[in-house]
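The sequence shown maps to residues 0 to 266 in numbering that gives the first Met the number 0. Quick notes on the structure that follows.
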Amino acid sequence: MAMSIYIDTHTHLDFPDFDHDREAVLTDCERLGVRRLLLMGVTVDNWDRIWDLASGDERLYAAFGLHPVFLEQHRPEHLEQLRERLSRHLDHPRCCAVGEFGLDYFIQDADREAQQQLFEAQLALAADFALPVLLHVRRAHAPTIATLKRYRLARGGIIHAFSGSMEEAREYIRLGFRLGLGGAATWPQARRMHRVIAQLPGTSLVLETDSPDMAPAFTPHQRNTPQNLPRICSELAALRGETPEQLARQCLHNTCELFDWSATALS
């Protein structure tokens with residue numbers, strides 16, 4: 000049987016957690032079938048770093064964004080810098096999306112108005128450049144969905160680490176979004192998430208790790224890595240009553256469709 004091929008749609012492989020063994024991790028990913036990984040832009044300070052990694056390695060792709068968790072670090076001029084960065088790299092094959100950005104209402108004393116303004120500004124940029132978006136949504140599905148209904152992005156994107164309800168899933172899918180699933184769903188106490196994942200249409204799913212964060216249950220309290228993706232896929236498939244090969248194949252197709260990539264090129 001041919002090896003399953005995977006794309007990790009959400010990593011922070013540029014973080015210092017990987018500075019001592021990044022190349023070894025990528026080499027092991029090749030062995031395991033994890034052939035492509037997306038690096039997230041979160042502040043202006045990490046854009047150069049992810050671009051240096053992605054532009055020099057055909058396994059890596061970069062997205063550029065301003066993450067709501069780092070709201071205090073962002074400045075109005077950073078949005079113009081984001082526009083300039085997207086314009087500069089738009090035609091390069093390693094530039095794939097605007098992200099990671101979105102709304103985070105879990106943060107204590109979050110400035111929701113400032114988050115909303117930053118969110119909408121980046122949605123507008125994605126529309127201008129016809130790029131997908133990679134969205135961080137934490138305890139903010141209703142305002143996110145309401146905002147996306149106003150923008151109606153042509154290429155949609157991914158809701159990272161989706162843990163919402165079935166109705167919220169349906170709303171995102173209607174808006175052209177895929178739902179990113181990773182290690183959070185492998186924890187036995189995530190029973191509500193298990194019920195939702197079992198019902199989600201396979202055509203809406205993509206795989207992710209959020210490395211080095213969101214460790215799966217089988218590596219608790221450890222650095223998460225993209226090497227965990229095949230086992231995460233296997234555990235998600237079990238929740239859905241599918242084989243790991245079926246889920247891996249469907250998620251590969253969904254990811255390639257979103258980013259206009261060739262799945263055969265990864266085989």
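Even glycine gets a Cβ: it sits at the ideal position worked out from N, Cα and C. Every value quoted in this text rests on a predicted model; they were computed, and no experiment measured them.
Less than 8 Å between the beta carbons of residue i and residue j, yes or no?
i    : j    : result
Q188 : M165 : no
R154 : A129 : yes
H159 : G179 : yes
V195 : T8   : no
S3   : A247 : yes
F176 : G156 : yes
A125 : L89  : no
Y5   : C232 : yes
F63  : L85  : yes
I172 : P131 : no
F217 : T185 : yes
Q245 : A237 : no
P67  : L147 : no
L52  : L38  : yes
May I ask you to report which of helix, strand or coil DSSP gives residue i?
i    : result
D20  : coil
F118 : helix
H195 : In the sequence under discussion, the amino acid at residue 195 is Val, which differs from the His named in the question. In this structure, V195 counts as helix in the three-state DSSP scheme.
H135 : strand
R177 : strand
H11  : coil
S86  : helix
H159 : strand
L81  : helix
L265 : helix
S3   : coil
What are the boundary residues of the alpha helix (DSSP H) that includes residue i?
i    : result
I231 : L228 to R239
F258 : P243 to F258
A62  : It is not in any alpha helix (DSSP H) - A62 instead sits in the beta strand (DSSP E) that spans L59 to F63.
M165 : M165 to R173
I144 : H140 to Y150
I49  : V43 to S54
For residue i, which residues from the same chain have a beta carbon less than 8 Å from its beta carbon, with the 5 sequence-adjacent residues on both sides left out?
i    : result
A120 : L78
A113 : L70
P211 : H11, F14, D16, F17, R222, N223 and T224
H91  : S54
E22  : none
T242 : A236
Hey, could you find the ends of the beta strand (DSSP E) residue i is sitting in?
i    : result
D103 : C94 to D103
R35  : V33 to M39
L70  : First-last for L70: undefined, no H or E at that position.
L130 : Unbroken run through L130: none, as it is neither H nor E.
So, for residue i: in the same chain, excluding its five sequence neighbours on each side, which residues have a beta-carbon less than 6 Å away from its beta-carbon?
i    : result
D27  : Q226
Q107 : none
Quick one: residues in its chain with C-beta nearer than 7 Å to the C-beta of residue i, no 5 flanking neighbours on either side, listed in chain order?
i   : result
Q80 : V43
Pair every Cβ in the region 135-143 with every Cβ in the region 97-107, then say whether three or more of these pairs are closer than 8 Å.
yes
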